[in-house]
Every structure is written in C-alpha cells, then in structure tokens.
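Residue numbering for the sequence shown follows the working numbering, starting at 15 and increasing by one per position. Don't be surprised by glycine CBs; every beta carbon is placed ideally from N, CA and C. Remarks on the structure that follows.
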Amino acid sequence: STTDQFSLQRDDIGSVSAMLALMVEGHQILVDALEMAMGTQLEWSLERTALLSQYERDRSRIQQREATDDMLRRHACNVRAVALEMEQQVSLARSDALVETERCNVANEKRATLQRQLDELTSEKRRLWHNATEQIQRWGQVMVTSVEESQRQPPPPPLVQPLMTSVGCSTDLKMIELEEWRQQKMNRRDEHRAARIQQQQQQQQQQQQQQQQQQQQKLEVAGLAVPRDDQSSEIPPPKQLVGSAPVVVSVDEDEEEDAESDDIVPDSTHNFEIVLRTDESFAMMTKDQWQHDGAATSCNQCGRAFDLLHRRHHCRRCGGVYCSKCAPKSALHGDVRICKGCTSGGSRRSSVVGKR
C-alpha cells in the first residue's frame, strides 16, 4: 500500500508538474502577447508622434502661406492705388496735351488765314501796280502819238486856229484826267496802307492781351496770386523793345515793300523772381515735425477718409496730413507736395512782397 500511495503521489506530482509546465507555457505565451502588444503600442505612439509633428509642420507652412498671401494682397492693393493715381495723372496730362494741341491748331489756322490775306494783298498790290503802269504807258503812247501828229501837220490857216485850240484843250483835259486818276490811285493806296497799319496795331494789341492773359493763367495754375482791378495800377507796365516804333511803309517804283513792326514783349520776369524768392524764404518741415499717420484718419482740409484709393500725403510746410487733391504737386515746387492753405498763404505773402 505504501508503494501504491507513493506511486499515486508520484502520479499526482507528475500531473501537477505537467500542469505547472502548462501554466508556465501559458504564462510565457501571455508575456509574449503582452510584449507584442506593448511593441505595437510603442509603434503606434511613435507613428502618432510623427503624424503630430508632420501636422504641426504643415500647419506652420499653411500659416506662412496665409501670411504671404495677405502681404501679397496688401501689396496688390497698394499697387492698384498707385496705378489709379498714375492713371489720373496720365489723364490730366492727356487733357493738357489736348488743350495745347487745340491752341496750336488755332494758332496754325490763324497763321494760315493771315498768310492767305497777305498773299491776296500782295497779288492785289501787284495787279494794281501793273494796271497803273500799263495805263501810264498807254496814256504816254497816246500823248506821244498826238504830239507827233500835231507836229507833222502843216501850220493851219488863220481860220483853223479855233480848231487847234479845241485840240489843245482836249489834250489838257486828258492830262488833267490822268493826273486826277493817279491822285485817286495814290489816295486809295494810302487809305489801304493806313487800314493795314491799323489792323496790324490791333492784332499787336490783341496778342499783348492774350500773352498777359496766358501769363496770368499760368500764375493762377501755379497757385500764385496776381493783383487785379484795384491793384493793376501798382504793376509796372510792360517794357517795349527799342524797335517798336510806328510802322513806316516805303514804296519803290518797281515793287512795294511794307515794313513790319517789331513785336512788343512784356517783361514780367521780375514777378516770377519775386515769387520764387518769397517761396524759397519759407522753411520746409522735417519728418520728425510731421503729424503722425495713425493720428490722422481723414484729410485735415476736406475731411475725406483715407483708404486704398485715397492715400495720406504730408505737407512739407505745415506737416499736416492731406489727400492728393488738397496737397497736389505743382510745377513750381516740383515733386514736393504743399497743401492749398500753405500755397494760398505763400501767394498772399508773395503778393505783399511784390507790393513792397
């Protein structure tokens, strides 16, 4: 029985050891599965970290691209505003060119009209001179023929004396008629010459008035005040050239030549010198003294709000912020912008200096 018990115990121990072996194998399998799961989880965490880093990089790139797009959009808006301003300047320059072209066309038409009138007067003068010469030659031939015929005739008898007296009277009448005709011709020519001289003087006066109006318009366009009406007596009269004497017409036997009167050129350069010296006397403000851009949301003069189309411009005199219309560029100041208030003030000062 002891042997049986011992064998039974040994069988139990074998079964227990087999069970333990099976449990160890199951545990090893579980450990391997756990290690495999942990490796898989680690791989997943690494992949997740890589995906998160890739996402952050892509997000930063997208933000950079959005910032670049915003900057390009703002730059495009600025370029569009500059293009619009340049287009306005080009349209203004084109309108000025059209005005100048119209003036040139009017001047050319006037010149062509005057040239045609001059050609007509010259042809009329030559025709009259030729007719007068032919008439004088014809009357001279008639006179020579009548004198030769009278010399060839024999002395008349006493009874024919009254007939010769009548022939002499007719010759004297012809001479008187010829002299009267020549006198009338000279009178008409003098009247025509006087009318032409008067017309030339009127044209010179009109040209002087047009030149004065053009100079006054140029001064007004440049923003310079010119005294009128009550101050016209204080402006010095325009100087005339030495050769602007009354027109003298000389007549030659072969051909007439009309002397042209010299042009009268007004000397108004002293006004420009006074204005330039007065404008140079005003000191320009530096950028440190300008009004800050952030403090000005609208034009200081017209109150227009600033945007992409209406940009800010600083006046170089007072330092204020204005729009392009209230602070334009002028030919007098070049590329520098001066507001209308400072320009009108400077023109008033220049007019006062001109008076002094």
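In the displayed model, S312 falls within a strand according to three-state DSSP. Rounded to whole angstroms, the separation of the alpha carbons of H328 and D349 is 12 Å. Comparing alpha carbon positions, the residue from R117, A126, C353 closest to Q228 is R117. In the DSSP assignment, Y336 forms a beta bridge with H327. Judged by DSSP in its simplified three-state form, R351 adopts strand.
Note on geometry: alpha-carbon atoms of R94 and Q221 lie some 46 Å from one another. Taking C-alpha positions only, C353 is separated from Q102 by approximately 19 Å. Distance from the CA atom of H89 to the CA atom of S67, rounded to whole angstroms, is 33 Å. S344 is the residue among R351, S344, T357 whose C-alpha sits nearest the C-alpha of A107. Straight-line measurement puts the Cα of A35 at about 28 Å from the Cα of T54. The Cβ atoms of G355 and Q315 sit closer than 8 Å to each other. Here C91 is exposed, its C-beta having fewer than 16 other C-beta atoms within 10 Å. The three-state secondary structure of A341, taken from DSSP, is coil.
Beta-bridge partners assigned by DSSP to A319: S312. Around the beta carbon of A32, fewer than 16 other beta carbons sit within 10 angstroms, so the residue counts as exposed.
With respect to P342, R331 sits apart: the two C-beta atoms are not nearer than 8 Å. For a cut-off of 8 Å, the C-beta gap from Q303 to G333 is around 5 Å, short enough to register as a contact. Taking C-beta atoms as the reference points, S312 and R325 fail to come closer than 8 Å. Spanning the alpha carbons of D26 and T16 requires a straight line of approximately 15 Å. Contact check between the segment 114-134 and the segment 186-200: fewer than three CB pairs, one atom from each, fall below 8 Å, which does not count as touching.
Judged by beta-carbon spacing, L323 lies within the 8 Å limit of L98, meaning their Cβ atoms are closer than that value.
DSSP, reduced to helix, strand and coil, places H306 outside both helices and strands of the structure shown, so it counts as coil.
Leaving aside the five residues that flank Y336 on each side, the residues in its chain whose CB is nearer than 7 Å to its CB run, in chain order, C313, N314, Q315, H327, C329, C353. Annotation for D307: R326, V335 place their beta carbon closer than 8 Å to its own, counting only its chain and skipping 5 residues before and after.
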